[in-house]
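Position one of the sequence shown corresponds to residue 337 (our numbering), numbered consecutively onward. The C-beta atom is built at its ideal place from N, Cα and C for all residues, glycine as well. Down below is the structure, laid out as structure tokens.
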Amino acid sequence: MSIANKESLCRLRGKSCAACCWGPDVEKEKLQSVMQDNRELFNSTHQDKEPTRWSLFIYEIRSRRGLDILLALVLRLPVLGNRLRQKLSKKFICSFLAFDDDTDSKIGCLIHPSRMHGADLRQEVAFRLLKGLNCGASDFYCNSALLFDRASETEKLDFIEENKSADWYQYSCNTQGFETDKHKKAEEKQCQSLPIKQ
337 MSIANKESLC RLRGKSCAAC CWGPDVEKEK LQSVMQDNRE LFNSTHQDKE
387 PTRWSLFIYE IRSRRGLDIL LALVLRLPVL GNRLRQKLSK KFICSFLAFD
437 DDTDSKIGCL IHPSRMHGAD LRQEVAFRLL KGLNCGASDF YCNSALLFDR
487 ASETEKLDFI EENKSADWYQ YSCNTQGFET DKHKKAEEKQ CQSLPIKQ
């Protein structure tokens, strides 16, 4: 059994990771509830319609019940905005993160280019009002994904085997602990924060 060259830690052998889409202080139950809500709202908002930048902007505001408008104002304040930004990066969940299916077993981005006919709107749309919070560039890979990409085939296969029974949440957290030559499962949650623009 070999690893296909294009497989990444983000989507690997039926597993999906999106640890870069939520802050490290978000608990599984909260995340699960938000992702179910995101899927339902997105599907009802864009039912049989091609999403536009405007409809995605409105969707994001609706997904957090208008909170983005208030936060946008506070984030522009020099001292208070910087403090708030640090807190938000630990507790926020991207509005476009949702379950891929009705079984709630796989997670993914609702506006990933594979769903948008190749168009990558993530940096233009996600966190649009929230200055300093953003979705990573289209070629963004977390440190763990970069290490996995460079790991030997044996190391990759070991990691796959160790995570065979992990659910979406545990897999996402375990990916954050991937290091070459030692693939022990994360003993505690090690999911990283949302990217912050400096």
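Reduced DSSP category for residue i - H, G, I as helix; E, B as strand; rest coil
i    : result
K351 : strand
S450 : helix
S508 : helix
S474 : coil
S488 : coil
S501 : coil
L345 : coil
F514 : coil
E363 : coil
D373 : helix
Distance between beta carbons of residue j and residue i, contact taken as under 8 Å
i    : j    : result
F432 : I443 : Actually they do not touch by this definition, with Cβ atoms about 11 Å apart.
L403 : V461 : Actually they do not touch by this definition, with Cβ atoms about 17 Å apart.
L345 : A473 : The Cβ separation is near 17 Å, so there is no contact.
L411 : K467 : 5 Å
Residue i versus residue j: straight-line alpha-carbon distance, rounded
i    : j    : result
I532 : L469 : In this prediction, I532 scores a pLDDT of 43, lower than 50, which makes its location untrustworthy; the coordinate-derived value is nonetheless stated afterwards. Using only the alpha carbons, I get a separation of about 5 Å.
W504 : K427 : 19 Å
A457 : E396 : It is worth fixing the name first, because residue 457 is Leu in this sequence and not Ala. Cα to Cα, L457 sits roughly 13 Å from E396.
A408 : L465 : 5 Å
S425 : E363 : 14 Å
T511 : N418 : 29 Å
E498 : C357 : 23 Å
H535 : S441 : Any answer about residue 535 is impossible in this case: the structure gives the chain only from 337 up to 534.
S380 : L446 : 13 Å
Q422 : V415 : 11 Å
E343 : R398 : 34 Å
C430 : Q383 : 20 Å
F484 : D361 : 24 Å
K366 : Y477 : 25 Å
Heavy atom of the ligand PLP within 7 Å of residue i beta-carbon
i    : result
D440 : The model depicted lacks the ligand PLP and carries no ligand whatsoever.
Identity of the residues DSSP links to residue i by a beta bridge
i    : result
C445 : L433
R358 : Note that residue 358 is Trp in the sequence shown, not Arg. Answer is I429.
CB of residue i within 8 Å of CB of residue j, strictly
i    : j    : result
A355 : C471 : no
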